[in-house]
Structures are given as structure tokens and as C-alpha cells.
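Report on the following structure.
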Amino acid sequence: MIVGILGAGQLARMIALAGTPLGVDFIFLDPSVDSCANKLGQHLHGDYSDPALLAQLAECTNVVTYEFENVPAEVAEFLAAHTQVYPSPKALAVAQDRLSEKSFFFELDIPTPAYAAVDSLDNLTLAMTTLGYPAILKSRTQGYDGKGQSVLKSEDDLKLAWELLQGVPAIVEAFVPFNREISIIAVRNVSGEIVFYPISENLHRGGILRVSTCREHDPMQQQAETYVSRLLEALDYVGVLALELFELDGHLVANEFAPRVHNSGHWTIEGAETSQFENHLRAILDLPLGATTPVGKSAMVNFIGGLPKTEDILNIPKAHLHLYDKSPRKGRKVAHATVRAENTEQLSVWLQQLTTLADQVDDS
Ligand code: AMP
Numbered sequence: 198m199i200v201g202i203l204g205a206g207q208l209a210r211m212i213a214l215a216g217t218p219l220g221v222d223f224i225f226l227d228p229s230v231d232s233c234a235n236k237l238g239q240h241l242h243g244d245y246s247d248p249a250l251l252a253q254l255a256e257c258t259n260v261v262t263y264e265f266e267n268v269p270a271e272v273a274e275f276l277a278a279h280t281q282v283y284p285s286p287k288a289l290a291v292a293q294d295r296l297s298e299k300s301f302f303f304e305l306d307i308p309t310p311a312y313a314a315v316d317s318l319d320n321l322t323l324a325m326t327t328l329g330y331p332a333i334l335k336s337r338t339q340g341y342d343g344k345g346q347s348v349l350k351s352e353d354d355l356k357l358a359w360e361l362l363q364g365v366p367a368i369v370e371a372f373v374p375f376n377r378e379i380s381i382i383a384v385r386n387v388s389g390e391i392v393f394y395p396i397s398e399n400l401h402r403g404g405i406l407r408v409s410t411c412r413e414h415d416p417m418q419q420q421a422e423t424y425v426s427r428l429l430e431a432l433d434y435v436g437v438l439a440l441e442l443f444e445l446d447g448h449l450v451a452n453e454f455a456p457r458v459h460n461s462g463h464w465t466i467e468g469a470e471t472s473q474f475e476n477h478l479r480a481i482l483d484l485p486l487g488a489t490t491p492v493g494k495s496a497m498v499n500f501i502g503g504l505p506k507t508e509d510i511l512n513i514p515k516a517h518l519h520l521y522d523k524s525p526r527k528g529r530k531v532a533h534a535t536v537r538a539e540n541t542e543q544l545s546v547w548l549q550q551l552t553t554l555a556d557q558v559d560d561s
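Under the working numbering, residue 561 is the last one in the sequence shown; the count climbs by one each step, no gaps.
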């Protein structure tokens with residue numbers, strides 16, 4: 198079996214690492230010549246919209262998937278006319294525009310923050326009269342890790358926030374005073390089999406994920422599964438899907454979904470019977486899905502901007518380091534570590550040690 202992946206970053210790298218024992222080979226299409234997945238398969242270097250490269254990718258692979266949602270939807274559609282593409286171009290198109298994503302949630306009766314589409318400063322000023330402060334202004338497309346976003350605390354912030362967006366279409370949404378952020382990773386294979394991981398509780402700073410902790414038997418699990426199932430069924434979805442939610446006093450409000458493997462699911466590499474990466478491959482290759490049962494109590498810490506000494510990380514019992522083969526740069530995710538323990542007390546001690554190491558190198 199040969200799987201094509203659009204993008205050759207760390208997510209593609211981890212998919213390839215999970216696929217090797219299953220005998221899966223990989224071809225990556227990516228503009229960069231020194232990407233994270235370089236050593237793990239064959240590479241087609243060039244633009245995602247180069248029809249000759251796309252045709253070659255479709256020709257040489259059994260199925261094509263992607264590691265990020267900003268692949269132009271036309272590219273996914275072009276590929277889908279020549280080969281199997283999972284998740285479907287429709288899932289990609291919905292997820293890459295915050296407005297279509299929010300309307301899709303609305304259609305499926307999945308609660309979202311109050312929001313309005315805006316395309317001018319006048320529009321924004323008007324929308325804020327009903328939405329109220331604080332609020333968040335976000336570009337509709339191309340936003341990730343808090344990029345293209347501004348918090349609006351009062352009318353004084355509107356002009357600058359709007360100018361920062363440089364005229365791109367945007368969405369403004371009410372700020373949710375959440376108790377915590379969670380995500381649920383779900384997987385559906387070609388035959389329609391579905392599995393869910395226990396929810397992850399996620400800690401963000403500056404819009405970037407720092408820590409995810411697996412929450413087995415969380416009281417919000419059932420509600421999260423209900424919402425993510427609606428997405429899977431409505432999109433006839435195949436692959437891993439991550440739904441990010443805010444919890445506010447026992448209620449869940451959807452923030453966004455990612456039609457791909459997700460940073461908040463990295464704990465599954467050592468912390469679940471089957472990792473999200475292996476299950477993504479099983480799903481798109483229509484193999485039986487693996488058990489999502491947690492193995493011990495797990496968490497994951499991102500290393501952003503720099504790397505602690507390898508020895509310092511590996512000195513923590515039951516910590517595992519995952520390097521992305523990326524050179525450190527301000528605000529860049531360069532690695533993560535997972536940690537597993539027998540009980541939550543032990544987990545919190547080791548997690549604290551890992552976050553201290555991460556904070557020492559974090560320049561964001
Ligand atoms: P996003 O790129 O939409 O995932 O936003 C990045 C982070 O900003 C989220 O993980 C939250 O921490 C914060 N955030 C985004 N939207 C909201 C909101 N409506 N209310 C409160 N916090 C938000």
C-alpha cells in the first residue's frame with residue numbers, strides 16, 4: 198500500500214512512523230526541500246496546485262490524505278477526480294473557512310459562540326453593538342495557532358484590529374469565559390466503523406497549544422461524542438477528526454474542527470492502545486480500527502521555539518521525546534514529549550517537570 202500525503206511536516210512524519218510497521222509506504226508532496234518527513238518516504242517537491250505533481254501523486258498512490266487543512270479545496274477536488282482522497286474535499290472546504298464551519302455547526306445543532314461575518318470596519322462596529330465585549334476577531338481562512346486573531350476589549354480596539362487583518366474576510370465571535378478547553382479525537386473508517394478517544398483537556402497560551410492531558414471518564418465525554426458523531430455522519434467522514442470545544446459550566450461550545458490528526462491527540466502515541474496516527478491510516482485504508490483504550494494516565498507537552506537537553510527530558514521516568522527534525526525558530530513547534538504514569542498524582546509530578554523544561558526554552 199502506498200499513501201500520498203499533502204504536506205510533509207511533523208504530522209506527516211508521525212503518520213509515516215505509524216505506518217511503517219503496517220508495511221505502508223509514503224509519498225509526500227510539499228514545497229519544502231528539507232521537511233520533517235524527508236527521511237520517511239519519497240518526496241515530490243513543488244507547489245500543491247501543480248497539476249503535473251498532483252497527477253503523479255494520484256498515479257503512484259492508493260489513497261491520498263493531508264496533514265493540514267489549508268490545502269486549497271480545488272486541489273483536493275482535482276485529486277479526488279483521479280484517486281481516493283480522505284477525508285473528503287467537502288470536509289476540507291468546511292473546515293478551512295471559519296464562517297462555513299460555524300454555519301455547519303449551527304445546521305447540526307452543535308452550539309457555537311455568537312458570531313457575525315464582517316468585511317469592513319463599519320460592519321464590525323455594527324456587529325459589536327449586538328455581540329458585546331469582549332470578543333475575538335478572526336480571519337475566516339488561513340488562521341492557526343491564534344494567528345490572524347485579535348481580542349476586542351472595547352470600541353477603541355476595533356480600528357487597529359481591523360487594520361491588522363488587511364482587508365481579508367473575517368468573523369467576529371463572542372469571547373467564551375470557558376472553564377477549560379477540551380478536544381475529542383474521533384475516527385471513522387471507509388466502512389463506517391467509528392471509535393472515539395477519551396477527551397483531551399488542553400492548555401493554550403497565546404493561542405498555541407502547550408499541554409494536553411487525557412481525561413478518561415470525563416463527565417463531558419458523552420456530550421463531546423454526540424457532537425463529533427454529527428460531524429462524522431454529516432460529512433460521510435473518513436479518517437481522524439478533532440473537534441475543539443470550550444466547556445462552560447457543564448455545557449460544551451464548539452470552537453473549530455480539524456479534518457486531520459491533531460496536536461491534542463499526540464498523547465495517544467504512547468498513551469493509547471492504538472495511536473491517532475495508526476488509526477488514521479487504518480481508517481483511510483479501510484482496515485479495522487484499533488482500540489482507543491488509554492494505557493495509564495497520559496499527557497503531552499509541546500516544545501516551542503527551542504529544545505531542552507534530551508537527557509533532561511529522558512531523565513523523567515516514562516517520558517518519551519518526539520523530535521520533528523526542525524530547526525528552532527521563535528514560536529515554532531519543534532518537538533513534543535508524552536508522559537505516562539500509573540496514577541494522576543504521579544502524572545502531575547512528571548508533567549510539572551516537563552512543563553518547567555518547556556517553559557525554559559519557550560520564546561513565544
Ligand atoms: P482558534 O485558532 O480559533 O483555535 O483559537 C486559538 C485559541 O484562542 C483557542 O484555543 C482559545 O484559547 C482562544 N479562543 C478562540 N476563540 C475564542 C472564543 N470565542 N472565546 C474564548 N477564547 C477563544
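Ideal Cβ positions, reconstructed from N, Cα and C, are used throughout, including at glycine.
Thr258 classed as buried or exposed, judged by whether at least 16 other C-beta atoms fall within 10 angstroms: buried
Taking 8 Å as the cut-off, is the CB of Pro308 close to at least one heavy atom of the ligand AMP? no
Please confirm whether any heavy atom of the ligand AMP lies closer than 8 Å to the CB of His463. no
Contact set for Val151: own chain, Cβ-Cβ below 6 Å, skip 5 residues either direction: The question about residue 151 has no answer here: the residues shown for the chain are numbered 198 through 561.
6 Å Cβ shell around Glu467 - same chain, five flanking residues per side excluded: His517, Thr535 and Arg537
Nearest residue (CA-CA) to Pro218, options Ile501, Asn476, Gly345 and Asn540: Asn476
Contact set for Val558: own chain, Cβ-Cβ below 7 Å, skip 5 residues either direction: Phe500, Gly502, Gly503, Leu504 and Pro505
Would you say the beta carbon of Ala371 is closer than 8 Å to some non-hydrogen atom of the ligand AMP? yes
Can the beta-carbon of Lys494 be found closer than 9 Å to that of Leu544? yes
For Pro416 and His242, what's the separation of their Cα atoms in angstroms? 46 Å
Would you kindly work out how many angstroms separate the C-alpha atoms of Asp244 and Asp231, rounded to a whole number? 15 Å
Would you call the region 472-486 and the region 416-427 in contact, with 3 or more CB pairs under 8 Å? no
When you compare the region 381-398 with the region 347-355, are there three or more beta-carbon pairs, one atom per stretch, that lie closer than 8 Å? no
Work out the CA separation of Phe303 and Arg427 for me, nearest whole Å. 11 Å
With DSSP run on the structure shown, which of helix, strand or coil describes Gly238? coil
Looking at Gln207 and Phe225, is the spacing between their C-beta atoms short of 9 Å? no
Check Tyr424 in the structure and name its three-state DSSP category. helix
Opening and closing residue of the beta strand (DSSP E) in which Ile333 lies: Ala332 to Ser336
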